[in-house]
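Visitor:
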Amino acid sequence: MVKQPVSVNGVVRWRDVGVAGIGKQEQKERKMVVLRHEIGDVLRDVRQRQGRTLREVSHNARVSLGYLSEVERGQKEASSELLSSICSALDVPLSVMLREVSDRVAVAEGITIPDTVPQEFAQRYGRDINTDFDAELSKIG
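Each residue of the sequence shown is one higher than the one before, counting from 1 in UniProt numbering.
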(Lines of atoms letter the chains of each structure in order from A and count residues from 1; the text may use other names and numbers.)
(Lines give C-alpha, C1' and ligand atoms only; values in the text may rest on other atoms or scores of the structure.)
Protein backbone atom coordinates (compact mmCIF):
# COMPACT_ATOMS: atom_id res chain seq x y z
CA MET A 1 0.00 0.00 0.00
CA VAL A 2 1.12 3.51 -0.83
CA LYS A 3 -0.11 6.59 1.02
CA GLN A 4 -1.11 9.75 -0.86
CA PRO A 5 -1.67 13.16 0.77
CA VAL A 6 -5.14 14.65 0.32
CA SER A 7 -5.85 18.23 1.41
CA VAL A 8 -9.37 19.12 2.54
CA ASN A 9 -9.90 22.72 3.68
CA GLY A 10 -6.25 23.04 4.65
CA VAL A 11 -6.16 19.76 6.60
CA VAL A 12 -3.86 17.12 5.10
CA ARG A 13 -5.04 13.53 5.38
CA TRP A 14 -3.29 10.45 4.03
CA ARG A 15 -5.25 8.13 1.75
CA ASP A 16 -4.26 4.61 0.75
CA VAL A 17 -3.60 4.16 -2.93
CA GLY A 18 -4.06 0.47 -3.68
CA VAL A 19 -2.50 -1.81 -6.21
CA ALA A 20 -4.60 -2.74 -9.28
CA GLY A 21 -6.74 -5.83 -8.69
CA ILE A 22 -7.35 -5.16 -5.00
CA GLY A 23 -10.04 -2.51 -5.65
CA LYS A 24 -13.31 -4.42 -5.20
CA GLN A 25 -12.16 -6.47 -2.23
CA GLU A 26 -10.73 -3.34 -0.59
CA GLN A 27 -14.05 -1.54 -1.05
CA LYS A 28 -15.88 -4.37 0.71
CA GLU A 29 -13.40 -4.28 3.60
CA ARG A 30 -13.63 -0.51 4.07
CA LYS A 31 -14.81 0.58 7.46
CA MET A 32 -18.19 2.18 7.64
CA VAL A 33 -18.06 5.93 8.16
CA VAL A 34 -19.80 6.82 11.43
CA LEU A 35 -21.17 10.34 11.18
CA ARG A 36 -21.06 11.02 14.93
CA HIS A 37 -17.31 10.24 14.94
CA GLU A 38 -16.66 12.69 12.11
CA ILE A 39 -18.80 15.40 13.74
CA GLY A 40 -16.98 14.89 17.04
CA ASP A 41 -13.57 15.07 15.36
CA VAL A 42 -14.47 18.32 13.59
CA LEU A 43 -15.85 19.93 16.78
CA ARG A 44 -12.73 18.92 18.72
CA ASP A 45 -10.42 20.20 15.95
CA VAL A 46 -12.23 23.56 15.84
CA ARG A 47 -12.12 23.92 19.63
CA GLN A 48 -8.43 23.00 19.82
CA ARG A 49 -7.50 25.35 16.96
CA GLN A 50 -9.13 28.13 18.98
CA GLY A 51 -7.14 27.09 22.06
CA ARG A 52 -10.33 26.70 24.10
CA THR A 53 -11.11 24.18 26.81
CA LEU A 54 -14.01 21.74 26.99
CA ARG A 55 -15.16 23.51 30.14
CA GLU A 56 -15.30 26.91 28.45
CA VAL A 57 -17.20 25.67 25.39
CA SER A 58 -19.61 23.54 27.45
CA HIS A 59 -20.40 26.56 29.64
CA ASN A 60 -21.02 28.84 26.63
CA ALA A 61 -23.10 26.19 24.85
CA ARG A 62 -25.04 25.38 28.05
CA VAL A 63 -24.17 21.69 27.70
CA SER A 64 -22.69 19.53 30.43
CA LEU A 65 -18.95 19.02 30.24
CA GLY A 66 -19.33 15.23 30.19
CA TYR A 67 -21.88 15.29 27.39
CA LEU A 68 -19.76 17.60 25.22
CA SER A 69 -16.80 15.30 25.81
CA GLU A 70 -18.87 12.30 24.68
CA VAL A 71 -20.01 14.17 21.56
CA GLU A 72 -16.40 15.04 20.69
CA ARG A 73 -15.35 11.42 21.16
CA GLY A 74 -18.20 10.24 18.92
CA GLN A 75 -19.92 8.35 21.73
CA LYS A 76 -23.13 10.42 21.65
CA GLU A 77 -25.29 11.39 18.68
CA ALA A 78 -25.92 15.12 19.07
CA SER A 79 -29.26 16.64 18.08
CA SER A 80 -29.39 19.49 15.57
CA GLU A 81 -30.27 21.89 18.41
CA LEU A 82 -27.26 20.78 20.41
CA LEU A 83 -24.94 21.05 17.40
CA SER A 84 -26.26 24.54 16.74
CA SER A 85 -25.59 25.54 20.36
CA ILE A 86 -22.05 24.12 20.28
CA CYS A 87 -21.29 25.83 16.97
CA SER A 88 -22.59 29.13 18.38
CA ALA A 89 -20.33 28.71 21.40
CA LEU A 90 -17.41 28.09 19.04
CA ASP A 91 -18.37 31.09 16.84
CA VAL A 92 -18.52 28.80 13.80
CA PRO A 93 -21.55 28.63 11.51
CA LEU A 94 -23.25 25.24 11.60
CA SER A 95 -23.02 25.08 7.80
CA VAL A 96 -19.22 25.48 7.90
CA MET A 97 -18.88 22.70 10.48
CA LEU A 98 -21.15 20.41 8.44
CA ARG A 99 -19.19 21.22 5.27
CA GLU A 100 -15.98 20.10 6.92
CA VAL A 101 -17.70 16.92 8.11
CA SER A 102 -18.95 16.33 4.56
CA ASP A 103 -15.45 16.80 3.14
CA ARG A 104 -14.01 14.32 5.64
CA VAL A 105 -16.68 11.75 4.84
CA ALA A 106 -15.97 12.20 1.12
CA VAL A 107 -12.26 11.57 1.71
CA ALA A 108 -13.06 8.47 3.77
CA GLU A 109 -15.26 7.20 0.93
CA GLY A 110 -12.55 7.91 -1.62
CA ILE A 111 -14.51 10.63 -3.39
CA THR A 112 -12.71 13.72 -4.64
CA ILE A 113 -14.67 16.96 -4.32
CA PRO A 114 -13.05 20.13 -5.68
CA ASP A 115 -12.76 22.98 -3.17
CA THR A 116 -13.30 25.64 -5.84
CA VAL A 117 -15.05 26.18 -9.14
CA PRO A 118 -12.91 24.70 -11.93
CA GLN A 119 -11.24 27.30 -14.16
CA GLU A 120 -12.83 25.77 -17.29
CA PHE A 121 -16.30 26.22 -15.81
CA ALA A 122 -15.67 29.86 -14.99
CA GLN A 123 -14.28 30.58 -18.45
CA ARG A 124 -17.14 28.77 -20.15
CA TYR A 125 -19.67 31.03 -18.48
CA GLY A 126 -17.82 34.26 -19.21
CA ARG A 127 -16.01 34.89 -15.93
CA ASP A 128 -12.36 34.54 -15.12
CA ILE A 129 -12.06 33.94 -11.41
CA ASN A 130 -8.41 35.05 -11.25
CA THR A 131 -9.22 38.34 -13.02
CA ASP A 132 -12.25 38.95 -10.78
CA PHE A 133 -10.18 38.17 -7.70
CA ASP A 134 -7.35 40.49 -8.78
CA ALA A 135 -9.87 43.26 -9.46
CA GLU A 136 -11.35 42.87 -5.97
CA LEU A 137 -7.89 42.97 -4.40
CA SER A 138 -6.95 46.13 -6.29
CA LYS A 139 -10.09 47.87 -4.89
CA ILE A 140 -8.99 47.02 -1.35
CA GLY A 141 -5.36 48.00 -1.76
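Backbone N, C-alpha and C fix where the C-beta goes; we use that ideal spot for every residue, glycine too.
Pairing CB atoms from the stretch 79-86 with CB atoms from the stretch 101-113, are three or more of them under 8 Å?
Guide: no
Visitor: Where does residue 79 land, buried or exposed, given buried means 16+ other C-beta within 10 angstroms?
Guide: exposed
Visitor: Measuring straight from C-alpha to C-alpha, what distance separates residue 94 and residue 39?
Guide: 11 Å
Visitor: Whose C-alpha, out of 108, 99, 62, 76, is nearest the C-alpha of residue 46?
Guide: Checked all of 108, 99, 62, 76; the closest Cα to residue 46 is 99.
Visitor: CA-CA distance, residue 67 and residue 61?
Guide: One Cα belongs to residue 67, the other to residue 61, and the distance between them is close to 11 Å.
Visitor: Under 9 Å, Cβ to Cβ, is there at least one residue of chain C near residue 41?
Guide: This model lacks chain C altogether; it includes just one protein chain.
Visitor: Please tell me whether residue 92 and residue 35 are closer than 9 Å, where the distance is taken between their beta carbons.
Guide: no
Visitor: The alpha helix (DSSP H) spanning residue 33 covers which residue range?
Guide: Counting along the chain, residue 33 falls outside any alpha helix (DSSP H), and DSSP gives it neither H nor E.
Visitor: When the Cα atoms are used, what is the spatial distance from residue 43 to residue 108?
Guide: 18 Å
Visitor: Please classify residue 97 as buried or exposed, where buried requires at least 16 neighbouring CB atoms within 10 angstroms.
Guide: buried
Visitor: Whole angstroms are fine: how far does the CA of residue 74 sit from the CA of residue 32?
Guide: For the pair residue 32 and residue 74, the Cα-to-Cα distance works out to about 14 Å.
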